[in-house]
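Residue numbers (the numbering used here), protein chains in the order written: chain P, 99 to 212; chain H, 23 to 133.
Idealized CB from N, CA, C, for every residue including glycine.
Note that the structure is a prediction, hence the values are computed from the model and not measured.
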Amino acid sequence: RKEVEQDPGPFNVPEGATVAFNCTYSNSASQSFFWYRQDCRKEPKLLMSVYSSGNEDGRFTAQLNRASQYISLLIRDSKLSDSATYLCVVNDFRGGGGADGLTFGKGTHLIIQP
Amino acid sequence: DAGITQSPRHKVTETGTPVTLRCHQTENHRYMYWYRQDPGHGLRLIHYSYGVKDTDKGEVSDGYSVSRSKTEDFLLTLESATSSQTSVYFCATSNQDSEQYFGPGTRLTVT
């Protein structure tokens with residue numbers, strides 16, 4: 099069974115600080131990776147894809163370590179509005195018409211404190 | 023955003039009654055999905071569709087059926103609702119077997 103594991107938190111972080119959390123995945127054949135953000139009682143929204151070389155989008159940096167099978171998300175200069183649950187998502191891409199390859203972690207709850 | 027709407031947004035129903043949830047998208051995405059989200063379980067795939075009239079089961083399909091007669095609509099039916107089906111239901115779409123975009127969700131309570 100495919101597994102995606104995340105520390106559920108909560109991570110309580112003061113505004114302006116840098117916070118990082120990881121996610122580990124069990125299937126070494128996994129092919130693509132994402133971070134989603136979910137606000138309380140709302141739908142998940144795509145935050146960023148995670149590329150092998152690592153990628154950055156403003157204050158957010160995502161890294162992939164295939165050898166150790168983990169993905170990380172770094173948030174710099176955290177804002178109150180960053181408070182949310184962050185979901186790690188792994189795609190095994192079965193192809194051939196099968197589109198059920200996404201596995202979601204249960205999420206890491208982040209609270210930015212003023 | 024992929025222009026995804028879900029209806030109804032909230033529903034309370036009694037055990038044993040049939041319930042149909044609708045997902046509508048305006049982006050002409052090929053793939054559509056139904057998930058449920060429960061505390062302690064995260065998002066779990068119920069059924070998905072990879073084209074009109076092409077559907078398949080996900081991880082937690084028992085007690086649910088789906089239909090997709092048009093590209094834009096994906097229906098989820100609970101033939102006889104049970105209390106264990108109380109949950110938040112999300113529809114999602116994608117144009118490839120890759121990142122997915124979610125609708126606003128339906129909160130279903132089965133009493």
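Residue 206 of chain P versus H:49, H:64, H:114 and H:27, residue with shortest Cα-Cα distance:
H:64
Touching or not, the region 45 to 60 of chain H and the region 26 to 33 of chain H, by the rule of three or more beta carbon pairs under 8 Å?
Taking a cut-off of 8 Å for Cβ pairs, the region 45 to 60 of chain H and the region 26 to 33 of chain H touch, as three or more such pairs fall below it.
Exposed unless 16 or more other CB atoms sit within 10 angstroms - verdict on residue 204 of chain P
buried
For residue 111 of chain H and residue 133 of chain H, believed in contact at Cβ under 8 Å, the rounded distance:
Rounded, the Cβ-Cβ distance is 17 Å, inconsistent with contact.
Residue nearest to residue 88 of chain P in terms of C-alpha spacing, selected from P:212, P:157, P:211 and P:140
Look at the range of chain P in this structure, 99 to 212, and you will see that residue 88 of chain P is not part of it.
Measure the Cβ-Cβ separation of residue 71 of chain H and residue 90 of chain H and say whether it is below 8 Å.
yes
Could you check how far apart the C-beta atoms of residue 179 of chain P and residue 114 of chain P are, in whole angstroms? I think they sit under 8 Å.
At roughly 13 Å, the Cβ-Cβ gap does not stay under 8 Å, so residue 179 of chain P and residue 114 of chain P are not in contact.
Residue nearest to residue 211 of chain P in terms of C-alpha spacing, selected from P:136, P:117 and P:154
P:117
For residue 163 of chain P, the residue or residues it bridges with in DSSP:
P:168
Return the first residue and the last residue of the beta strand (DSSP E) that residue 189 of chain P is part of.
182 to 189
Only counting the same chain, and skipping five residues up and downstream in sequence, which positions put a Cβ closer than 7 Å to that of residue 144 of chain P?
Closer than 7 Å at the Cβ level, and outside the excluded window around residue 144 of chain P, lie 132 and 134.
Using a beta-carbon distance below 8 Å, is residue 151 of chain P in contact with chain H?
Chain H, which has no Cβ nearer than 8 Å to the Cβ of residue 151 of chain P, makes this no.
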